[in-house]
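One structure below.
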Amino acid sequence: MTIDAKKLNYRTLNEKLRCVDEECTITSCMGQRFIASGMSNKSITIEGIPGNALGSYFNGGTITVHGNAQDAVGDTMNDGTIIIHGNIGDAAGYAMRGGKIYVKGNAGYRAGIHMKAYKEKVPLMIIGGRAGSFLGEYQSGGVIVVLDLKRKEKKCVGFFPCTGMHGGKMFLRSRCEDVVFPSQVVKRNATDEDKMELRGYLKEYCDLFALDLDEILSSEFTVVTPDSKNPYRQMYVAN
Amino acid sequence: MKKEGEIRIPSGCAIAAVISKEKKNISGDLIIKSMVPMHDRSNGLGGGFAGYGIYPEYKDFYAMHLFFNNRDSRKACEVFIKEYFEIVKSEIIPTRKLPSITDEPVIWRYFLHPMRSMMLSLQLDEKSFVARAVMKINTELDGAYVFSSGKNMGTFKAVGYPEDVGRFYRLEEYEGYSWTAHGRYPTNTPGWWGGAHPFSLLDYSVVHNGEISSYDANRRFIEMYGYKCTLQTDTEVITYILDYLIRVKGLTLKEAANVIAAPFWSTIKNEKDRRESEVHAYLRKIFPSLLITGPFSIVLGFEGGIMALNDRLKLRSMVVGEKLDRVYIASEEVAIKAMDKSVEDIWSPAGGQPVIVCVEEGQK
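If you read the sequences in order, they're chains W and B. For reference, each letter of the first sequence is one residue, going 14 to 252 in our numbering. For reference, each letter of the second sequence is one residue, going 617 to 980 in our numbering.
Following this line, the structure appears as structure tokens:
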């Protein structure tokens with residue numbers, strides 16, 4: 014079924030969504046916030062521009078956006094998959110605790126800030142383009158992958174990645190020679206074992222966006238994990 | 617009730633801007649449209665707009681917009697104005713009655729020519745003379761407040777949602793080459809007409825989303841140079857800082873951006889361009905009290921252009937899009953699409969990276 018979002022405010026739009034069980038397409042979306050917030054088992058496609066906090070507290074199902082998304086996509090999401098066929102704004106996957114966010118394009122600042130994990134709940138975020146500064150800030154669990162598929166002269170991440178990171182894992186498709194990491198994390202080149210793990214994460218992503226998985230995996234990857242010997246270091250004091 | 621500036625209550629706001637690089641006319645109607653999808657970013661306690669190139673017939677005179685409490689405060693203020701300026705024209709700013717906009721003050725505009733004899737006796741250049749007169753009215757005259765004072769530009773603001781404020785001031789009847797807009801969600805002050813954005817002084821106007829944490833440090837510094845912060849809102853101090861750096865100290869826009877959103881020392885140390893690194897370090901050392909910390913995204917309007925800037929940590933969102941002669945800036949992508957659906961390749965500048973757009977004959 015189709016919901017024409019023109020002139021609907023976010024509350025009315027979400028009330029309509031809550032009543033739908035079948036697959037649903039939202040057309041003429043114009044910045045409505047909180048779409049599908051806290052909902053479970055929904056299959057939603059969005060045409061137009063969803064507003065901030067798309068799929069916040071999302072609890073299962075699929076959200077597909079044919080275009081760009083704004084800030085705080087998947088804030089505290091618990092389960093399900095959010096697929097963005099464009100770029101994503103700042104603070105994507107904020108405090109995400111489960112589920113997957115697949116972005117075809119670039120991510121803004123603070124992607125994966127305070128992602129966490131618990132037992133079988135391991136959130137995953139894959140960014141096809143570049144990521145802004147403070148990627149994985151305070152990351153305490155889960156997996157973040159940055160592919161930088163268009164690879165131009167710019168770095169694949171901005172400044173201060175992994176600030177305050179104390180859990181989880183990050184894969185960056187680059188040697189990261191020009192990236193400065195804080196001292197509480199360890200970076201190393203991906204081993205065959207890491208790549209096996211990465212293959213598992215990338216399979217669905219590559220199918221979705223019609224990418225060659227083997228070709229991507231043939232590149233060099235940097236793996237970043239917290240250094241458990243020195244977990245707490247701050248940057249905000251001596252600025 | 618206590619007025620704004622007398623109370624402090626312990627934001628989300630919305631900003632937008634459009635400029636024609638070829639200095640073509642844009643109706644005020646367009647910028648109102650940008651604020652509609654961002655309605656929820658404001659809470660109805662303030663909205664405002666600034667338009668540049670809107671008074672071509674009076675472009676050589678300072679256009680002063682004033683709020684008065686009543687007829688008496690206007691009469692008293694006019695006596696003051698006549699000591700400093702020749703009044704070329706004075707009129708009530710046309711407005712439209714709307715149920716959503718209430719308690720309006722008396723709103724007038726004056727086109728003014730500074731009194732040469734007065735300027736000579738005070739030994740001030742023209743702009744400093746006008747700035748001083750504005751400060752005097754705003755701090756010494758009860759019931760009068762200047763909220764716009766540049767040439768061939770004007771600020772329009774009120775308590776209400778921005779789209780209502782735009783209709784209240786009949787902005788569709790104005791045309792300018794650039795516009796900025798603001799929807800307010802005041803977090804520290806109760807929200808009064810004068811406290812809405814844009815804040816302006818001479819031809820500088822600032823719209824701001826965020827809440828800076830360096831307000832008092834900045835205020836203490838800037839008040840040493842003749843500025844008076846009367847409203848306790850952080851945007852006022854940003855406006856005066858930019859006026860001081862650009863007009864008084866003669867910094868370029870980019871240098872001013874490097875002062876208020878200075879790169880971290882660690883970033884400066886690692887900069888590959890030695891010259892750039894030295895300039896950044898120099899500016900931080902000369903103006904340490906003008907570093908603005910805490911979240912902000914701002915658009916500075918000035919004669920001939922606009923500058924958009926995020927705080928260095930980028931704690932607020934801002935996106936930029938371009939189509940033909942026009943450049944669009946907004947807190948959300950959807951606001952740009954509301955102005956022109958066909959804009960593609962919308963991008964977000966990095967924290968501390970100024971986006972400067974000037975009309976072709978532009979300045980700096």
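Every residue, glycine too, gets a C-beta built ideally from N, C-alpha and C.
DSSP lists B:M769, B:S794 as the beta-bridge partner residues of Y668 of chain B. The shortest CA-to-CA distance from E960 of chain B to any of B:K939, B:P970, B:E976 is the one to B:K939. Secondary structure at T883 of chain B: helix, using DSSP grouped into helix, strand and coil. DSSP places I922 of chain B inside the beta strand (DSSP E), whose first and last residues are 921-926. Contact annotation: in the region 96-112 of chain W, residues whose CB is within less than 7 Å of a CB in chain B are G102, D103. The alpha-carbon of Y674 of chain B is positioned some 7 Å away from that of F727 of chain B. DSSP, reduced to helix, strand and coil, places N202 of chain W within a strand of the structure shown. In the three-state reduction of the DSSP assignment, H824 of chain B falls in the strand class, which pools E and B. Going by C-alpha positions, I16 of chain W is about 9 Å away from C42 of chain W. Three or more Cβ pairs closer than 8 Å define a contact, and the region 815-829 of chain B falls short of that threshold against the region 881-891 of chain B.
Taking 7 Å as the threshold, the shortest C-beta distance from V950 of chain B to chain W falls below it.
Scanning chain W for C-beta atoms nearer than 8 Å to the C-beta of T883 of chain B yields F172, reported in chain order.
Residues of chain W with a Cβ closer than 7 Å to the Cβ of N886 of chain B are, in chain order, V193. Its chain contains C175, M178, V237, T238, P239, D240 as the residues whose beta carbon lies nearer than 7 Å to that of V198 of chain W, once the 5 sequence neighbours on both sides are disregarded; these appear in chain order.
By the C-beta criterion, the region 789-799 of chain B is judged to be in contact with the region 631-651 of chain B, since at least 3 inter-stretch pairs fall below 8 Å. Using a Cβ-Cβ cut-off of 7 Å, Y151 of chain W does not count as an interface residue toward chain B, since no Cβ of chain B sits closer than that to its own. Annotation for N27 of chain W: the continuous alpha helix (DSSP H) segment containing it runs 23-31. Of all residues in the region 961-974 of chain B, only I962, W963, S964, A966, G967 come within less than 9 Å of chain W when Cβ atoms are compared, listed by chain position.
Taking the C-beta atoms as reference points, P970 of chain B is found nearer than 7 Å to M923 of chain B. With contact defined as three or more Cβ pairs closer than 8 Å, the region 216-223 of chain W and the region 188-206 of chain W are not in contact. Distance from the Cα of K20 of chain W is smallest, within the candidate group B:I708, B:P653, B:I914, for B:P653. Within the same chain, Cβ atoms closer than 7 Å to the Cβ of K649 of chain B are found at A954, M955, the five residues on either side in sequence being excluded.
The shortest C-alpha to C-alpha distance from Y151 of chain W to any of W:F184, W:F173, W:I59 is the one to W:F173.
In this structure the region 128-139 of chain W touches the region 153-167 of chain W; the number of beta carbon pairs closer than 8 Å is three or more. Inter-residue distance for L757 of chain B and T89 of chain W is about 52 Å (C-alpha atoms, whole angstroms). Within chain W, the residues placing a beta-carbon under 7 Å from that of S933 of chain B are D84, G102, D103, ordered along the chain.
In this structure, DSSP gives Y700 of chain B a helical state, which the three-state scheme calls helix.
Setting aside the 5 residues that flank it on each side, G73 of chain W is surrounded in the same chain by S53, N54, D92, G93, each with a C-beta closer than 6 Å to its C-beta; the list follows chain order.
Residues of the region 629-645 of chain B with a Cβ closer than 8 Å to any Cβ of chain W: none. Straight across, the Cα-Cα distance linking G106 of chain W with D207 of chain W is about 23 Å.
For N81 of chain W, the C-beta contacts it makes with chain B under 8 Å involve E949, I962, in order along the chain. Listed along the chain, the chain W residues whose CB falls inside 7 Å of the CB of P653 of chain B are M43, G44. A Cβ-Cβ separation of about 17 Å leaves H896 of chain B out of contact with N926 of chain B under the 8 Å criterion. Taking 7 Å as the threshold, the shortest C-beta distance from K939 of chain B to chain W does not fall below it. Assignment of F745 of chain B by DSSP, reduced to helix, strand and coil, places it in the helix class. With a cut-off of 8 Å on Cβ pairs, the region 810-822 of chain B is in contact with the region 664-672 of chain B, counting three or more such pairs.
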